[in-house]
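Chemist: In order, the protein sequences belong to chains A and B. Just so we're aligned, residue 5 is where the first sequence starts under the numbering used here, counting upward by one. Just so we're aligned, residue 5 is where the second sequence starts under the numbering used here, counting upward by one. A virtual CB, placed ideally from N, CA and C, is assigned to each residue, including glycine. On a predicted model such as this, the values are computed, not experimentally measured, just so you know. Have a look at this one.
2 protein chains.
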Amino acid sequence: MLRINESVWRRRKLEFWDRLWEDLEIGYLDEDLLPVLIYFYIDRGTHTLSSCSGRIILADSTFPWSREETSVVYKKHSPVDTSEIAGIIDKTPVRRLWLNVTGPIIHVSTTSMDIADKILAIARNAGMKHSGILSISENKGIILELTTGVKLTHLLRCKDELITDISKLDKLVEVANQVLYEGKRILCRLFVELRENMPFTPDETIIKDLRRRGLTLEKLFPPSYCRELL
Amino acid sequence: MLRINESVWRRRKLEFWDRLWEDLEIGYLDEDLLPVLIYFYIDRGTHTLSSCSGRIILADSTFPWSREETSVVYKKHSPVDTSEIAGIIDKTPVRRLWLNVTGPIIHVSTTSMDIADKILAIARNAGMKHSGILSISENKGIILELTTGVKLTHLLRCKDELITDISKLDKLVEVANQVLYEGKRILCRLFVELRENMPFTPDETIIKDLRRRGLTLEKLFPPSYCRELL
Chain A
5 MLRINESVWR RRKLEFWDRL WEDLEIGYLD EDLLPVLIYF YIDRGTHTLS SCSGRIILAD
65 STFPWSREET SVVYKKHSPV DTSEIAGIID KTPVRRLWLN VTGPIIHVST TSMDIADKIL
125 AIARNAGMKH SGILSISENK GIILELTTGV KLTHLLRCKD ELITDISKLD KLVEVANQVL
185 YEGKRILCRL FVELRENMPF TPDETIIKDL RRRGLTLEKL FPPSYCRELL
Chain B
5 MLRINESVWR RRKLEFWDRL WEDLEIGYLD EDLLPVLIYF YIDRGTHTLS SCSGRIILAD
65 STFPWSREET SVVYKKHSPV DTSEIAGIID KTPVRRLWLN VTGPIIHVST TSMDIADKIL
125 AIARNAGMKH SGILSISENK GIILELTTGV KLTHLLRCKD ELITDISKLD KLVEVANQVL
185 YEGKRILCRL FVELRENMPF TPDETIIKDL RRRGLTLEKL FPPSYCRELL
């Protein structure tokens with residue numbers, strides 16, 4: 005098997021670590037994710053890449069999965085109110101209007117197949133049943149995608165034809181919020197699994213930097229939504 | 005890395021090969037898939053596991069991804085008519101009634117990381133962007149899941165409350181059939197990619213058995229839906 009270039013990988017890990025705190029500062033990082041992500045970083049052979057705690061989106065696109073031509077009309081990482089959506093559904097979309105809810109997705113890079121196996125086991129235990137290895141490369145390491153089957157892609161409107169009547173929105177939003185919650189519940193179980201199992205080998209540089217930021221592992225509280233669930 | 009036990013793996017491959025033809029005979033195998041699956045088997049280091057060419061389902065379940073408590077009320081691997089769905093939507097479901105469309109999913113087992121890499125590249129080229137390695141085991145080999153982002157999970161009804169009115173069904177079914185078609189289009193591109201690239205190393209036992217069944221690679225026509233697309 006391909007050997008990972010540990011020194012290049014290490015430099016990338018520290019870059020991603022710095023970027024994490026920059027993203028947090030500018031409000032770009034979904035705060036619900038921070039404690040979970042830190043548990044990956046404190047392991048010597050692990051860091052994270054782009055991740056999401058789960059979200060509700062209104063998208064104007066031909067299909068729910070379309071990327072290039074999608075315009076995200078509304079996005080939130082916490083439960084929504086009918087009133088927030090009712091105003092949008094009223095207007096004619098350029099393509100089609102979709103209500104999309106997704107569960108958590110976390111991308112992880114590791115330096116060995118042994119660590120990759122252990123992390124996949126932790127993720128599956130937590131309920132992230134669709135997790136796997138995306139790619140293996142010398143400099144970027146073994147890239148994992150930890151993900152769930154939690155998903156809703158509901159057609160709200162086609163141009164001038166409303167598919168889901170405004171009078172049905174209360175019920176639909178209730179279900180969408182439940183779907184979001186199911187995803188957060190799995191993220192919470194992941195937090196608990198990571199707290200029990202991480203780090204495999206402590207990353208002293210990261211742990212020292214955490215302390216410098218006034219954080220210790222004991223102070224790593226579960227995300228807020230998780231406190232209700234534990 | 006873990007070494008694959010080639011003789012155990014080989015025995016499993018030949019068992020799966022026999023089962024494929026039994027499944028075809030009893031109508032359990034989705035025929036659209038056959039030519040695609042055969043292209044995997046003719047490679048010495050590759051076989052397939054459970055797979056699906058993409059389908060439209062009506063499910064009575066709390067969430068679209070629920071397994072244990074799901075009852076599939078309707079299932080079809082080809083486009084549907086509004087009339088087929090209108091009768092079902094009329095009745096009160098036990099939980100909730102969902103219209104779920106999924107793209108193709110193919111599970112593949114290989115004996116080496118090198119083959120796994122090549123197959124993942126072929127799958128991604130064909131548009132199966134969510135493909136990855138699920139697990140690695142001595143006897144079962146390296147298990148890949150080749151899959152797409154093509155998905156629709158639309159809420160039709162909650163108990164007594166209809167979320168999508170029957171008058172909107174024509175438009176919704178049109179979109180569902182388009183989603184199914186997008187999946188088949190990717191499967192068709194996979195067929196073309198496989199035809200160009202497989203086998204890496206011919207599996208003479210399989211090729212001989214194919215000939216015994218009156219099939220040769222030249223006779224492996226693209227699936228019917230694919231002929232319109234090529």
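1) If the cut is a Cβ gap below 7 Å, which residues of chain B does A/PHE67 touch?
2) I believe B/PRO83 touches B/THR152 by the beta-carbon criterion, under 8 Å. Please report the beta-carbon distance rounded to the nearest angstrom.
3) Measuring CB to CB, does A/ILE146 end up less than 8 Å from A/ILE46?
4) Look at the Cβ atom of B/TRP13, then the Cβ atom of B/THR115, and state whether they are nearer than 8 Å.
5) Between A/LEU184 and A/GLY58, is the Cβ-Cβ spacing less than 8 Å?
6) Just checking: is the beta-carbon of A/LEU62 within a distance shorter than 8 Å of some beta-carbon in chain B?
7) Our contact map puts A/ILE170 next to A/ALA90 with C-beta atoms below 8 Å; I'd like the distance itself, whole angstroms only.
8) Quick one: Cα of A/ASN104 to Cα of A/ASN129, how far?
9) Considering only residues of the same chain and omitting the five flanking positions on each side of A/VAL77, which have a CB-CB separation below 7 Å?
10) If you drop the 5 nearest sequence neighbours on each side, which residues of the same chain put their C-beta closer than 6 Å to that of B/PRO203?
11) In whole angstroms, what is the alpha-carbon distance linking B/SER87 and B/ASP94?
12) Considering just the uninterrupted stretch of the beta strand (DSSP E) at A/ILE60, what are its terminal residues?
13) Between which two residues does the alpha helix (DSSP H) carrying B/VAL177 extend?
14) With a 10 Å radius around its C-beta and 16 neighbouring C-beta atoms as the bar for buried, classify B/ILE140 as buried or exposed.
15) Can you tell me whether A/GLY136 is buried or exposed? The criterion is at least 16 other CB atoms within 10 Å of its CB, across all chains shown.
16) Using a threshold of 8 Å, state whether the C-beta atoms of A/ILE8 and A/GLU208 are closer than that.
17) Tell me, which residues are paired with A/HIS134 by DSSP?
18) Around the Cβ of B/LEU194, are there at least 16 other Cβ atoms within 10 angstroms (buried) or fewer (exposed)?
19) Identify the continuous alpha helix (DSSP H) that holds B/GLY153 and give its terminal residues.
20) Output, in chain order, the set of chain B residues within a Cβ distance shorter than 8 Å of A/CYS162.
21) Taking 7 Å as the limit between beta carbons, can you name the residues of its chain near A/ILE60, skipping five residues before and five after?
22) Identify the residues that DSSP records as bridge partners of B/ILE119: which are they?
23) In the DSSP assignment, the alpha helix (DSSP H) including B/VAL40 goes from what residue to what residue?
24) What are the residues that DSSP puts in a beta bridge with B/PRO206?
25) Is it the case that the Cβ atoms of B/VAL98 and B/THR50 are separated by a distance below 8 Å?
26) From the DSSP secondary-structure annotation, give me the bridge partner or partners of A/ASP101.
27) Can you tell me which of the three DSSP states A/GLU167 falls into?
28) Can you list the residues of chain A that B/ASP169 reaches, using a CB-CB cut of under 9 Å?
29) Do you know how far the Cα of B/PHE20 is from the Cα of A/MET117?
30) Compute the distance between the beta-carbons of A/LEU33 and B/PRO68, then report whether it is under 8 Å.
Modeler: Per the coordinate set shown:
1) VAL183, GLU186
2) That belief does not hold up - the Cβ atoms of B/PRO83 and B/THR152 are roughly 18 Å apart, past 8 Å.
3) no
4) yes
5) yes
6) no
7) 6 Å
8) 26 Å
9) LEU62, ALA63, ASP64, ILE92
10) ILE46, ASP47
11) 11 Å
12) 59 to 64
13) 173 to 201
14) buried
15) buried
16) no
17) DSSP, once it has assigned bridges, lists no residue as partnering A/HIS134.
18) buried
19) Neither: B/GLY153 is in no alpha helix (DSSP H) and is coded neither H nor E.
20) LYS175, VAL179
21) LYS80, VAL84, VAL105, ALA180, LEU184
22) DSSP lists no partner for B/ILE119.
23) 38 to 45
24) B/ASP47
25) no
26) One point to set straight first is that residue 101 of chain A is Leu, not Asp, in the sequence displayed. A/ASP64, A/ARG161, per the DSSP bridge assignment.
27) For the record, residue 167 of chain A in the displayed sequence is Ile; it is not Glu. Note: A/ILE167 maps to coil in three-state DSSP.
28) ILE167, THR168, ASP169, LYS172
29) 27 Å
30) no
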